[in-house]
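First residue of the sequence shown? That's 12 in the numbering used here, and the numbers climb one at a time after it.
For each residue, glycine too, the CB sits at the ideal point set by N, CA and C.
A short worksheet on the structure shown next.
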Amino acid sequence: MIERVARGTFPRKHHIALRGDDGALRWEECLTRKGFDGLYTIAYHEHRPHEHRVASVEHGFTLPVAAPPQGMAKRHYRSLDVPVRAGAQVDVRVPLLFNEDVVVGIARPDQADPVYYANADADEVLFIFQGGGVLRTMLGDLRFEQDDYVVIPKGLFYRTLPDAGPQTWLTVEALGGVHIPTQWRNEAGQLRMDAPYSHRDFRAPTFVGPLDEGIRQLLVKRGHTFSAFTLQHSPLDVVGWDGAVYPFVFPILNFQPRAGLVHLPPDWHGTFAARGALLCSFVPRVVDFHPEAIPCPYPHSSVDCDEVLFYCRGNFTSRRGVGPGSISYHPAGIPHGPHPGAYEASLGAQRTDELAVMMDTLRPLIPTAAALAVEDPGYQDSFIS
Ligand SMILES: [Fe+2]
Numbered sequence: 012m013i014e015r016v017a018r019g020t021f022p023r024k025h026h027i028a029l030r031g032d033d034g035a036l037r038w039e040e041c042l043t044r045k046g047f048d049g050l051y052t053i054a055y056h057e058h059r060p061h062e063h064r065v066a067s068v069e070h071g072f073t074l075p076v077a078a079p080p081q082g083m084a085k086r087h088y089r090s091l092d093v094p095v096r097a098g099a100q101v102d103v104r105v106p107l108l109f110n111e112d113v114v115v116g117i118a119r120p121d122q123a124d125p126v127y128y129a130n131a132d133a134d135e136v137l138f139i140f141q142g143g144g145v146l147r148t149m150l151g152d153l154r155f156e157q158d159d160y161v162v163i164p165k166g167l168f169y170r171t172l173p174d175a176g177p178q179t180w181l182t183v184e185a186l187g188g189v190h191i192p193t194q195w196r197n198e199a200g201q202l203r204m205d206a207p208y209s210h211r212d213f214r215a216p217t218f219v220g221p222l223d224e225g226i227r228q229l230l231v232k233r234g235h236t237f238s239a240f241t242l243q244h245s246p247l248d249v250v251g252w253d254g255a256v257y258p259f260v261f262p263i264l265n266f267q268p269r270a271g272l273v274h275l276p277p278d279w280h281g282t283f284a285a286r287g288a289l290l291c292s293f294v295p296r297v298v299d300f301h302p303e304a305i306p307c308p309y310p311h312s313s314v315d316c317d318e319v320l321f322y323c324r325g326n327f328t329s330r331r332g333v334g335p336g337s338i339s340y341h342p343a344g345i346p347h348g349p350h351p352g353a354y355e356a357s358l359g360a361q362r363t364d365e366l367a368v369m370m371d372t373l374r375p376l377i378p379t380a381a382a383l384a385v386e387d388p389g390y391q392d393s394f395i396s
């Protein structure tokens, strides 16, 4: 999604014969977006990639269901209080907030995915709050660590193999896709020199060639329904590929933040754009340098956006009572801003060490029962001085 990548063996033109050393014909799999008009990748399999039998569904995570309507308020969900249950991410993800464009949840897996999984509804963005591991696909292995964004294209089969130890991942399903904000690209698609990241900041999979893990089960989510299939061959039987559809990692600390004479709006922190949503990265940085600047965010009514903030670590200058793993949700329709005292206290500040992921959404977000179960009931009133 950042640039064309080529790995392994592939023929000199699209759609011409590629043969192995034994003369066997390889099988193309064209993974295409927007029908055949968008980004694509062509992979070359040792076996026909479209041989699979329908099987019974034995895996799948909780799908988002709206909690009973509560009315509008500023909310604070303690995501680390979501009960942990043993299992793989395909089984233990918990959706917390959703709308027609995004599903935001938390995953705390302690096992590798026992099946290959494809989200045919959405591109996925995992933010690794805690832990690390490997994302395994037919395009290669992609190592991820704490503080990494992992972006997984819609429809690509994958497994996650978490490292031993605690794992906490913020999960975002972008139902209309996710991409680099257009303002960070030049006319040829290259990242602009004044973008907050460069091509060198992103990691593509490491490709080693065909792999057979002995797993023949495939789980696919499409239309918020899980289906299962039994594969005839390993789906990782790929000898080479090229294209612009592949998973990648972007470490949040590679984001190049900006400071202005006075406070810059969140768009300057825009990292990934999705249909109806913008994901922003707030990383440690110097702050505004006008001698009378107020570095703390100003109270605002961003009347077209709900705002979600996932707090990672550091001192959050504008908020009290939130900590690592907190998710604040401030709906459009009522102003939001700093906690009492924070605005004044920020005068003269020169740095902030906050680390957070923010998302603005155009459509209202809906909490699930799992979100309500970890809600901090005193949050709305904590803004009253
Ligand atoms: Fe805001």
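- prompt: Would the beta-carbon of S339 fall within 8 angstroms of that of L320?
  reply: yes
query: CB-CB under 7 angstroms to C41, same chain, minus the five flanking residues each way: which ones, in chain order?
result: Y51, I53
- request: Classify H247 as helix, strand or coil using the three-state DSSP reduction.
  value: One point to set straight first is that residue 247 is Leu, not His, in the sequence displayed. Reduced to three states, the DSSP call for L247 is coil.
task: Please report the Cβ distance between V105 and A381, rounded to the nearest whole angstrom; I am assuming they are in contact, meaning their Cβ atoms lie under 8 angstroms.
output: 5 angstroms
query: Is any heavy atom in ligand 1 found nearer than 7 angstroms to the beta carbon of E318?
result: yes
Per-residue burial, L264 [other beta carbons within 10 Å of its own, 16 or more giving buried]: exposed
message: Helix, strand or coil for F168? Go by DSSP, reduced to three states.
response: coil
- request: For the stretch 310 to 390, list the beta strand (DSSP E) runs that are entirely contained and at least 3 residues long, ordered along the chain.
  value: 317 to 324, 337 to 341, 366 to 372
Stretch pair the stretch 205 to 221 + the stretch 124 to 141: three plus CB contacts closer than 8 angstroms: no
message: Within a Cβ cutoff of 8 angstroms, which residues of the same chain sit near R30, ignoring the five residues on either side of it in sequence?
response: L36, R37
Opposing strand residues paired with C291 [DSSP bridges]: G281, M369
- prompt: In terms of alpha-carbon separation, which member of V114, L172, F109, P221 lies closest to Y128?
  reply: L172
message: Taking DSSP's pairing of strands, which residues face P262 in a bridge?
response: D159
message: One question on the structure: do F394 and I13 come within less than 8 angstroms of each other, judged by their Cβ atoms?
response: no
- request: Look at H347 and P310 and say whether their C-beta atoms are less than 8 angstroms apart.
  value: yes
field: Local conformation of T73 per DSSP, three classes
entry: coil
message: Contact defined as beta carbons within less than 8 angstroms: I believe A78 pairs with Q391. What is the distance between those atoms, to the nearest angstrom?
response: Not quite, the Cβ-Cβ distance comes to about 16 angstroms (not below 8 angstroms), so this is no contact.
message: Could you tell me which whole beta strand (DSSP E) segments of length 3 or greater appear in the stretch 118 to 162?
response: 127 to 130, 134 to 141, 143 to 148, 151 to 156
message: Let me check one thing: in DSSP terms, what residues is G19 bridge-paired to?
response: G251
- request: Reducing DSSP to helix, strand and coil, say where L91 ends up.
  value: helix
message: For L383 and Y88, what's the separation of their Cα atoms in angstroms?
response: 7 angstroms
field: DSSP-derived helix/strand/coil call for R44
entry: coil
task: Consult DSSP for S67 and reduce its assignment to one of helix, strand or coil.
output: coil
- request: Can you tell me which of A185, T236, A175 puts its alpha carbon nearest to the alpha carbon of D134?
  value: A185
message: Please list the terminal residues of the continuous beta strand (DSSP E) segment that includes V101.
response: Counting along the chain, V101 falls outside any beta strand (DSSP E), though it belongs to the alpha helix (DSSP H) covering 100 to 103.
Paired residues, beta bridge with W38 - DSSP: H56
message: For D159 and T217, what's the separation of their Cα atoms in angstroms?
response: 16 angstroms
- request: Consider the C-beta atom of M341 and the heavy atoms of ligand 1; say whether any pair is separated by less than 7 angstroms.
  value: Here the sequence assigns His to residue 341, which means Met is not the residue at that position. Flag set: Cβ of H341 near ligand 1.
- prompt: Straight-line CA distance for F47 to P164?
  reply: 15 angstroms
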